[in-house]
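For what it's worth, the numbering used here labels the leading residue of the sequence shown as 661, then goes sequentially.
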Amino acid sequence: MSWQYPYPIMMNLANSKCLIIGGGRIAERKLRSLLQAGSIVTIVSPDFTTGIRELALQPNVIVHRQSYHPSLWKADSERRFTLVIAATNDAQVNKQIARDANSFGCLVNIVDQPELSSFILPSVVRRGKLVITVSTGGASPSAARKIAKELDNAYGDEYEIYLDFLTDTRLLIQSRVTDKEARQRLFKEMLAWDLMSYIREGTFETWKQQFTTALHNTVWMQTQEQGESELPSWSFISEIRQHV
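Below, the structure written as structure tokens:
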């Protein structure tokens with residue numbers, strides 16, 4: 661299967677049914693990530709790691725302690741798996757899984773065998789709402805992990821704080837400012853604020869408290885609640901900077 665121009669995508673797997681074949685450490689990592697995404701996961705293997713056995717106590721995990729067999733698809737045909745991941749060390753079994761998954765119209769990932777896969781899993785860096793993925797299209801997973809490590813060092817926990825603030829402020833503006841162009845202008849201007857310096861210096865909470873007070877005292881925030889027209893702006897930001 662060619663990977664000349666893979667299509668990047670972020671999927672919402674909440675309550676989606678996924679299948680993992682394998683019971684080792686790689687399968688355990690895949691299981692954890694799918695559960696974090698809110699999936700309902702069926703996992704198949706004669707043996708499982710201690711971690712998988714512990715995760716199997718969760719209601720979203722369905723365990724089949726057996727070797728892979730194509731009859732599994734008939735037994736679980738009503739599940740209609742969204743994703744299938746094969747993490748076995750048997751090349752022939754992996755090929756069979758790929759054929760079976762494709763025949764049922766399922767997206768399939770065969771670990772370390774991109775040529776058999778319809779999707780591959782990139783290396784991931786997470787900082788709260790920030791998700792950075794790195795892929796080499798299967799050419800070199802080691803290189804992808806190395807690059808992801810560099811990004812992991814470059815983007816610290818401050819980005820989680822930063823994005824949480826942007827999210828909360830954005831939702832507030834959306835609820836008060838009806839004019840789309842005015843909202844977009846406010847959102848764009850927010851990105852120019854040097855909030856990272858406050859977060860790294862440990863003064864962000866002080867700045868945030870002053871920001872919240874000043875924001876709610878603006879005429880446009882108060883009049884928007886009454887349905888009156890008032891041009892919104894961040895004119896008070898410069899005053900806050902002087903007191904942090």
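Virtual Cβ for every residue (Gly too), placed ideally from N, Cα, C. Note that the structure is predicted; figures quoted are calculated from it, not measured.
Below 7 Å CB to CB, which residues in the same chain sit around residue i once its five sequence neighbours on both sides are set aside?
i      : result
Gly682 : Ser705, Ala746, Ala747, Thr748
Arg787 : Tyr815, Asp817, Tyr819, Glu820
Phe896 : Ala874, Thr878
Arg685 : Thr709
Met881 : Arg836, Leu875
Pro892 : Val837, Ala842, Leu846, Trp880
Lys690 : Ile680, Ile745, Ala747
Have a look at the DSSP bridge pairing and note the partners of residue i.
i      : result
Val723 : Ile703
Thr793 : Val784
Please list, in chain order, all residues of the same chain as residue i whose beta carbon is under 8 Å from its beta carbon, the five residues on each side excluded.
i      : result
Ile859 : Glu818, Ile821, Tyr822
Leu811 : Val785, Ile792, Val794
Gly887 : For Gly887, the predicted structure reports a pLDDT of 49, less than 50, and the residue's modelled location is therefore unreliable. The matter cannot be settled from this model.
Leu855 : Tyr822, Phe825, Phe864, Trp867
Asn762 : Val768, Ser778
Ala804 : Pro782, Ser783, Val794, Ser795, Thr796
Using DSSP with H/G/I as helix, E/B as strand and the rest coil, what is residue i?
i      : result
Val771 : coil
Val744 : strand
Leu679 : strand
Phe896 : coil
Asn813 : helix
Thr838 : coil
Asn749 : coil
Ser731 : helix
Asp854 : coil
Tyr618 : Residue 618 is absent from the structure shown; the chain starts at 661 and stops at 904.
Asn672 : coil
Phe779 : coil
Thr658 : Since the first and last residues shown for the chain are 661 and 904, residue 658 lies out of range.
Gln718 : coil
Ser693 : helix
Ala799 : coil
Phe864 : helix
Thr873 : helix
Leu891 : coil
Phe847 : helix
Please return the same chain residues whose Cβ sits closer than 6 Å to the Cβ of residue i, not counting the five positions on each side in sequence.
i      : result
Val784 : Thr793
Thr838 : none
Thr827 : none
Ser727 : Pro706
Thr702 : Leu679, Ile722
Ile807 : Val794
His724 : Val704
Since residue i contacts residue j with CB under 8 Å, what's their CB separation in whole angstroms?
i      : j      : result
Val768 : Ile757 : 7 Å
Arg692 : Leu715 : 7 Å
Phe847 : Arg836 : Actually they do not touch by this definition, with Cβ atoms about 13 Å apart.
Ile900 : Phe871 : 6 Å
Gly798 : Pro774 : 3 Å
Trp733 : Asp760 : 6 Å
Ile712 : Ala687 : 7 Å
Leu776 : Asn754 : 6 Å
Trp894 : Glu849 : 6 Å
Does residue i get closer than 8 Å to chain D when you measure Cβ to Cβ?
i      : result
Asp828 : You won't find chain D in this structure, because it holds only one protein chain.
CB of residue i to nearest heavy atom of the ligand NAP: below 7 Å?
i      : result
Ile680 : Among the components of this structure there are no ligands whatsoever, and the ligand NAP is therefore not found.
Is the stretch 667-678 touching the stretch 691-702, taking contact as three or more C-beta pairs under 8 Å?
-> yes
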